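The structure appears below as structure tokens.
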Amino acid sequence: MKDVFAACSCFGLLLAAGSYQLARIINRRVGREVCNPLLFATLCCCGVLLLTGTEYEVFYENGGKVLEFFLTPATICLAIPLYKQFALLKKNAGAVLAGCTAGVLAHMAGCVLMLFLFRMEAAEYISLLPKSITTAIGKGLSEELGGFPAITMATIMLTGLFGAVAAPGLLKVFRVKDPLCQGLAIGTSSHAAGTSRAVEMGEIQGAASSLAIVVTGLLTVIAAPLFARLAG
């Protein structure tokens, strides 16, 4: 079977797109929290590769890299709701900055806690610092500070998936009802993957989450080198 996949130049693209579309069909019947398309597609792709013994390189070279190519344009598209709600965001600029700053500090404090609680190695600790920002920034920041980019990429992916799946439920638990606050919370904690969910919740949530990605990324780039020194 893996030989058939290796011979198909569109294998990775077809697998990913097909899994995502299947998840959307299921989602219409059972609800998003039960079957999040992003999570379902990721697990489905991993399952197929493991069950067939197909190497990740085959998936990537045979269509997977096409998805990576469109990652940046797709992220830029998140600026559309940001543009539409620019007046509202400008009016609440102080709240946006305060919310993103609080989110970044809470994330950094959590990493410091894990550093001492689990007696992590410096490189492992540093690898976790960029986990709540977008991949393009997080990978480079991890490399520059001496972390493991592979670990950083994995944690960024898991953080985004968790945010996309759990955000609506957590917002209900903590009774966060304001659309602007909802968007800031999602974008600050779970970058682009979470923002894709925020866009579906509403235009204001999507705009606030898109802006939070940018602000959180900038704040993390500033704060991460300072917190990295704690690893000694």
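Using the working numbering, the first residue of the sequence shown is number 14, and each one after it goes up by one.
Note that beta-carbon positions come from the ideal geometry of N, C-alpha and C, so glycine has one too.
Treat the numbers as computed from the prediction; the structure is a model and nothing was measured.
- Which first and last residues belong to the alpha helix (DSSP H) in which residue 28 is found? Taking the first residue of the sequence shown as 1, we reach residue 28 at position 15. Unbroken alpha helix (DSSP H) run through residue 28: 24 to 43.
- Item | DSSP three-state assignment for residue 142, whether helix, strand or coil | Numbered from its first residue, the sequence shown carries residue 142 at position 129. Coil at residue 142, not helix or strand.
- Tell me, please, whether the region 228 to 244 touches the region 119 to 136 by the rule of three or more beta-carbon pairs shorter than 8 angstroms. yes
- Query: For the alpha helix (DSSP H) that residue 90 lies in, which residues bound it at each end?
  - Reply: Taking the sequence shown and counting its residues from 1, the one referred to as residue 90 is at position 77. Where residue 90 is concerned, there is no enclosing alpha helix (DSSP H), given that its DSSP letter is neither H nor E.
- Message: Buried or exposed for residue 98, going by 16 or more other Cβ atoms inside 10 Å?
- Response: For the purposes of this step, residue 98 is identified with residue 85 of the sequence shown, where counting begins at 1. Note on residue 98: 16 or more other CB atoms within 10 angstroms of its CB, so buried under the neighbour-count rule.
- Secondary structure at residue 105, three-state DSSP: helix, strand or coil? The count along the sequence shown starts at 1 and reaches residue 105 at position 92. Residue 105 falls in the coil class under three-state DSSP.
- Rounded to a whole number of angstroms, what is the C-alpha to C-alpha distance between residue 123 and residue 190? The residue labelled residue 123 in the question sits at position 110 within the sequence shown. The residue labelled residue 190 in the question sits at position 177 within the sequence shown. Spanning the two alpha carbons is a distance of roughly 25 angstroms.
- Query: Which residue from 148, 233, 118, 175 puts its Cα closest to that of residue 164?
  - Reply: For this step, residue 164 is matched to residue 151 along the sequence shown. Per the Cα distances, 148.
- Message: Any beta carbon of chain B sitting closer than 8 angstroms to that of residue 73?
- Response: The structure shown contains no chain B, having only a single protein chain.
- Flag this pair as yes or no: are the beta carbons of residue 205 and residue 91 separated by less than 8 angstroms? Within the sequence shown, the letter at position 192 stands for residue 205. Within the sequence shown, the letter at position 78 stands for residue 91. The answer is yes: Cβ separation under 8 angstroms.
- Message: Restricting to Cα atoms, I'd like to know which of 154, 218, 196 is closest to residue 235.
- Response: As a first step, residue 235 must be located in the sequence shown, where it is residue number 222. Considering only alpha carbons, the answer is 154.
- Task: Indicate the three-state DSSP secondary structure (helix, strand or coil) for residue 233 in the structure shown.
- Result: Counted from its first residue, the sequence shown places residue 233 at position 220. In this structure, residue 233 counts as helix in the three-state DSSP scheme.
- Mind checking whether residue 229 and residue 146 have CB atoms under 8 angstroms apart? Stepping through the sequence shown from its first residue, residue 229 is reached at position 216. Stepping through the sequence shown from its first residue, residue 146 is reached at position 133. It is a contact, given that the beta carbons lie within the stated cut-off.
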